[in-house]
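S.K.: Would you mind keeping the following structure in view while I ask a few things?
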Amino acid sequence: MEAMALTNLPRDVILCIADHLKRKTDIWAFTRVSRVHYHCLLNYFISRFRHSLLDIALEGVWEDLLRKVLRTSIDINHQSEDDFETPLSRATYKNQRNIVGILLEREDINIHCKGGLYLGEMTPLQYATETNREEIMRMLLGHARMDIRHASDALWIAVEHQNISRPLEVLLEFEVDPNRTVGGRSLLEITVRSRLNSMRKLLIQDERVNLNCAFRTGEEDEPIVLAMMKMFSLDQLTDLFKQRARISLESSDHQGNTALHLMIGQGHLQWCEYLLERYPEMPFIPDKHGNLPVYEAVSRQRVDICKLFLKHCAISFQTPDPEGKILVFEIFRAGNLVLMKTVQDYLGKELLRLREHNGRTLLAEAAVLGSYALVTDLVSLGADPNENDKEGCTPLMLAVSRNHVNIVEALLSIDGIDTSRVDEKGWTAYVWAKFPPPRCKSLRKRYKAMEDMLVAKGASKGRLDNLKRVRWPRKMWYPGFERRSLI
């Protein structure tokens, strides 16, 4: 019956078969094949040279002969003794698309079998991916016996050949898993490191790709989305954020830095604006040290980024940190005039309501710092010069204790200033000027000038009898030491 399957082959095909076989076997030299011996010849071919017929069909691209041979019980996965290739691997190597389609019609074909001399250790799918043979790739991926898990190996080949992106697109179309890692590296990491923009876009567009997979950075790892934000501008990753509705940008690196922390550190103004607009909760996510992103902007004196914070979330400047400190006070202590002016312009009279953990207002802090411009600005906004902190000290007392004569003069010029206020120990501003610390004797003239200004303003002397018995401990006094803590 197997012989009868070949009886309708053309005469010239049989002659070519005979000519081919006589060079390899002990068949006599055929010069003419008569119809009398036709069936006997085919029967002999099939019984002894079945695989040779298959080789002949593949070499000559004789589709009819191939179909007839495949209808027999021939082993379709047999490896040739010459090159150790299977029929499928040989057809893939020669890019014989029609032959591959015919071979795949056999249900017992092994499409995962590795090649021999030509394909090496690669499967037909891997070789087709490497050589960018899209039609053969689609045939193999669409076969019922294709194991998609094994097909993910072809993804690595597609990415390694950096000049083509079409094979990767075909593999993703057939739902090959794009998150498989080899040696701890993901496909997306390779495309990011090698700056393969077209392939990176293909992976990003796939909803299955994990954008929070690890990206190796020295000893520690970080989410790959953060690495991409560091390496590329917002314009280069526009497709990423348009097609992936929401990315877990709240994820952080090993130091607890969010995307906003990192973009502020690198000064990416465009990224910072995008994150503040898209993720309103991100400015309030601290790092592992408890620092908010806005503190990073202030510490690095990124004035433009601070303006963005004031525009989108001014409340972050007024929110106390874990230690109870308020950012506005830290900005004023840093002395960056441009940043201070920016904060004043945005917050306006909101500044007057702020109090730090010790009860001080901004006017009191300005008096401590000796910032004449800041004092005058706050007074013009309507700051109350008589507000006291938790220890009862007013801005006037603090200015006197820090020997800021110009601040004392500015405060005394305010209508309604109360010079008779006392702190919790009964000290007035006059007392602070009358009894300077022992190491301030060289500044006695300045303290005397402040004392005279207070007396001229009608300042109260307070409990002078008790103060005469005070002895300042010298070892506890040093520049910047707060005098009121000694009482």
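Residue numbers (full-length UniProt numbering): 1 to 487. We put the beta carbon where it would ideally sit given N, CA and C, even for glycine. Remember, it's a predicted structure, so these values are computed and weren't measured experimentally.
1) What do you get for Thr-319, buried or exposed, if any count of 16 or more other CB atoms within 10 angstroms of its CB means buried?
2) For Pro-283, does the three-state DSSP call read helix, strand or coil?
3) Is DSSP giving Ile-407 helix, strand or coil here?
4) Since Pro-385 is in the alpha helix (DSSP H), which residue starts that stretch and which ends it?
5) Between Ile-331 and Arg-302, which are expected to be in contact by the criterion C-beta below 8 angstroms, what is the C-beta distance as a whole number of angstroms?
6) Assign Gly-142 to one of two classes, buried (16 or more other C-beta atoms within 10 Å of its C-beta) or exposed (fewer than that).
7) Can the beta-carbon of Leu-308 be found less than 8 angstroms from the beta-carbon of Met-282?
8) Thinking Ala-410 and Tyr-447 are a contact (beta carbons under 8 angstroms), I'd like their distance in whole angstroms, please.
9) Could you pull the DSSP bridge partners for Pro-320 from this structure?
10) Look up Thr-258 in the DSSP assignment and say whether it is helix, strand or coil.
11) Let's test the definition: count the other Cβ atoms within 10 Å of the Cβ of Tyr-73 and tell me whether it reaches 16, buried, or not, exposed.
12) If I measure Cβ to Cβ from Asn-358 and keep anything under 6 angstroms in the same chain, skipping five residues before and after, which residues do I get?
13) Which stretch, first to last residue, makes up the alpha helix (DSSP H) that contains Met-340?
14) Thinking C-beta only, is Pro-280 closer than 8 angstroms to Cys-313?
15) Going by beta carbon distance, what residues of the same chain come within less than 8 angstroms of Tyr-416, once the five residues before and after it are set aside?
16) Starting from the C-beta of Thr-131, find all residues in its chain whose C-beta is less than 8 angstroms away, skip the five residues before and the five after it, and write them out in chain order.
17) Can you tell me the Cα-Cα spacing of residue 499 and Lys-230, whole angstroms?
18) Can you look up Tyr-118 in the DSSP assignment and give me helix, strand or coil?
19) If you check the beta carbons only, do Val-368 and Arg-421 fall under 8 angstroms apart?
20) Can you tell me the Cα-Cα spacing of Trp-432 and Ala-399, whole angstroms?
21) Can you tell me whether Asp-147 is buried or exposed, with buried defined as 16 or more other CB within 10 angstroms of its CB?
22) DSSP state of Gln-126, grouped into three classes?
23) Taking only three categories from DSSP, how would you classify Met-397?
24) Using a Cβ-Cβ cutoff of less than 7 angstroms, which residues in the same chain neighbour Glu-296 once the five nearest sequence positions on both sides are dropped?
25) Following the continuous alpha helix (DSSP H) through Thr-92, name the residue where it begins and the one where it ends.
26) Restricting to Cα atoms, I'd like to know which of Asp-253, Thr-419, Tyr-118, Ile-136 is closest to Met-453.
27) Closest by CA to Trp-427, which one among Met-397, Ile-407, Ala-449, Lys-445?
28) Find the nearest neighbour of Ala-456 within the set Glu-135, Ala-429, Arg-444, judged by alpha-carbon distance.
29) Give the secondary structure of Met-146 by DSSP, where H, G and I count as helix, E and B as strand, and everything else as coil.
30) Where does Asp-235 land, buried or exposed, given buried means 16+ other C-beta within 10 angstroms?
31) Grab the span of the alpha helix (DSSP H) containing Glu-135 for me, first residue to last.
32) What would DSSP say about Pro-293, mapped onto helix, strand or coil?
33) Less than 7 angstroms between C-beta atoms, sequence neighbours within five positions excluded: which residues of the same chain meet that for Asn-336?
34) Quick one: Cα of Leu-269 to Cα of Ser-380, how far?
M.R.: According to the structure data:
1) Answer is exposed; the Cβ neighbour count stays below 16.
2) helix
3) Ile-407 falls in the helix class under three-state DSSP.
4) Premise fails: Pro-385 is in no alpha helix (DSSP H) and is neither H nor E.
5) Contact doesn't hold; Cβ gap of about 12 angstroms is too wide.
6) exposed
7) no
8) About 17 angstroms separates the two Cβ atoms, so there is no contact after all.
9) Paired residue(s): Ile-326.
10) coil
11) The sequence given here places Ser at residue 73; Tyr does not occur at that position. Exposed is the call here.
12) Asp-389, Lys-390
13) That run of the alpha helix (DSSP H) goes 337 to 347.
14) yes
15) A small fix is needed here, since residue 416 is Gly in this sequence, not Tyr. Excluding sequence neighbours, Gly-416 sits near Pro-385, Asn-386.
16) Asn-95
17) No answer is possible for residue 499: the residues shown for the chain start at 1 and end at 487.
18) Coil.
19) no
20) 10 angstroms
21) exposed
22) helix
23) helix
24) Excluding sequence neighbours, Glu-296 sits near His-261, Ile-264, Gly-265.
25) Residues 87 to 93.
26) Checking every option, the nearest Cα to that of Met-453 belongs to Thr-419.
27) Considering only alpha carbons, the answer is Met-397.
28) Of the listed residues, the one whose Cα sits closest to Ala-456 is Ala-429.
29) coil
30) exposed
31) 134 to 141
32) helix
33) Gln-301
34) 33 angstroms
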